Ligand code: UDP
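In my numbering, the protein residues as written are 6 to 322.
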């Protein structure tokens, strides 16, 4: 297959590029490196089936060759980053999705949207099934991300209805693992880096808010399964094991065998209080469920981050 993937140098995108290349597909990776990193795809450069194009997908894009799939994974997805770049976040979600859908239409390709659990906002229903319409503050600080993805889903569906484009929409819940940026500000990367560097762990609010963390390999498997079957409605992918941020901090300390102080900061605006995916649909339709538990996933992520940190130290010397 010939697959074009936006955000291909990002955390999830880079895992997908590698997976497709490993099975012999052709991959065109588009990234503007705002939050993605060349480091994530360095090992793929040189593969004849791989092309890396630096481009901001919120600007129109055409490509000569035929494409079977357009996968739109480019997004500014970490709260820290989207708070810093609200307009770029909206542009990649809305204009970027529009450009990708236009490309899919031109190439008669299938279109795959990476959506998010953020479409549910600060949910009033727990766990969150796909039928839940969400609870989003349209003008809050997180709205640039939430509404860009809600708009992206609407655009995707409009193209499906009006132009009969074959689509997939995956709502990705908190995911972690190798290729995350050390400084992207998300809770898993923050806690691991803080504990490895002997710094205090930063907990926002009281730390009683919950998230459910999925290891990236499990997510990738779910995405590939969804590409293989024709299911056109949004579908949740995530790991339903739910933890408070205090529990997560404890786990990171346990697994590293290191201890740090905990410091408490103000809870960001509209920070969801609880989040956990209802994965009944994914389990039934995709015959998928996550296999890697938090202890194993954190162990692998900590190994990756430890290497990155010691490499960084050597480079600094
Ligand atoms: N959080 C925290 N300390 C940090 C970073 C995040 O306590 O250093 C909290 C944050 O307020 C949220 C949860 O951890 O409640 C998950 O945040 P993250 O940025 O990873 O992703 P989100 O699920 O909010 O998109």
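Here a beta-carbon is modelled for each residue, glycine too, at the ideal position from N, C-alpha and C. Please read these numbers as outputs of a predicted model, since none were measured by experiment.
Could you tell me which residues DSSP puts in a beta bridge with residue i?
i: residue 31; result: 7
i: residue 77; result: 11, 118
i: residue 99; result: Per DSSP, none; premise fails for residue 99.
i: residue 177; result: 121, 242
i: residue 55; result: 32
i: residue 273; result: Paired residues: none, contrary to the question.
i: residue 249; result: 215
i: residue 299; result: According to DSSP, residue 299 bridges with nothing at all.
i: residue 268; result: 207
If you run the structure through DSSP and keep just helix, strand and coil, what is residue i?
i: residue 123; result: helix
i: residue 84; result: helix
i: residue 216; result: strand
i: residue 131; result: coil
i: residue 150; result: helix
i: residue 206; result: strand
i: residue 137; result: coil
i: residue 44; result: helix
i: residue 310; result: helix
i: residue 164; result: helix
i: residue 91; result: helix
i: residue 285; result: helix
i: residue 261; result: helix
i: residue 172; result: strand
i: residue 225; result: helix
i: residue 60; result: coil
i: residue 184; result: coil
i: residue 38; result: coil
i: residue 233; result: helix
i: residue 70; result: coil
i: residue 144; result: coil
i: residue 290; result: helix
i: residue 190; result: coil
i: residue 280; result: coil
i: residue 113; result: coil
i: residue 50; result: coil
Would you mind giving the Cβ-Cβ distance between residue i and residue j, rounded to the nearest angstrom? I have them listed as a contact below 8 Å.
i: residue 80; j: residue 119; result: 7 Å
i: residue 177; j: residue 224; result: 7 Å
i: residue 116; j: residue 106; result: 6 Å
i: residue 293; j: residue 227; result: 5 Å
i: residue 139; j: residue 126; result: 5 Å
i: residue 295; j: residue 220; result: 7 Å
i: residue 110; j: residue 168; result: 5 Å
i: residue 24; j: residue 49; result: That pair is no contact at about 11 Å.
i: residue 280; j: residue 128; result: 7 Å
i: residue 21; j: residue 66; result: With 8 Å as the limit, residue 21 and residue 66 do not qualify as a contact, their Cβ atoms being about 18 Å apart.
i: residue 130; j: residue 93; result: Rounded, the Cβ-Cβ distance is 31 Å, inconsistent with contact.
Does the distance from the C-beta atom of residue i to that of residue j stay below 8 Å?
i: residue 240; j: residue 135; result: yes
i: residue 51; j: residue 12; result: no
i: residue 122; j: residue 282; result: yes
i: residue 212; j: residue 268; result: no
i: residue 160; j: residue 77; result: no
i: residue 184; j: residue 218; result: no
i: residue 181; j: residue 276; result: no
i: residue 72; j: residue 7; result: yes
i: residue 197; j: residue 307; result: yes
i: residue 26; j: residue 68; result: no
i: residue 192; j: residue 216; result: yes
i: residue 89; j: residue 46; result: no
i: residue 260; j: residue 222; result: no
i: residue 4; j: residue 214; result: For residue 4 there is no data in the structure shown, the boundaries of the chain being 6 and 322.
i: residue 313; j: residue 187; result: yes
i: residue 265; j: residue 204; result: yes
i: residue 189; j: residue 86; result: yes
i: residue 124; j: residue 158; result: yes
Does any CB atom of chain B fall closer than 8 Å to the CB of residue i?
i: residue 264; result: Reference to chain B is not applicable here, since this structure consists of a single protein chain.
Three CB pairs or more closer than 8 Å across the segment 246-255 and the segment 149-156: Flag = no, the segment 246-255 and the segment 149-156 do not touch.
Touch test, the segment 55-65 against the segment 16-36, Cβ-Cβ under 8 Å, three pairs minimum: The count of Cβ pairs closer than 8 Å, one atom from the segment 55-65 and one from the segment 16-36, reaches three, so the stretches are in contact.
At least 3 beta-carbon pairs within less than 8 Å: the segment 139-150 vs the segment 190-210: Taking 8 Å as the limit for Cβ pairs, the verdict is that the segment 190-210 does not touch the segment 139-150.
Cβ contact check for the segment 230-239 and the segment 156-175: 3 or more pairs under 8 Å: The segment 230-239, when compared against the segment 156-175, does touch it at the 8 Å Cβ threshold.
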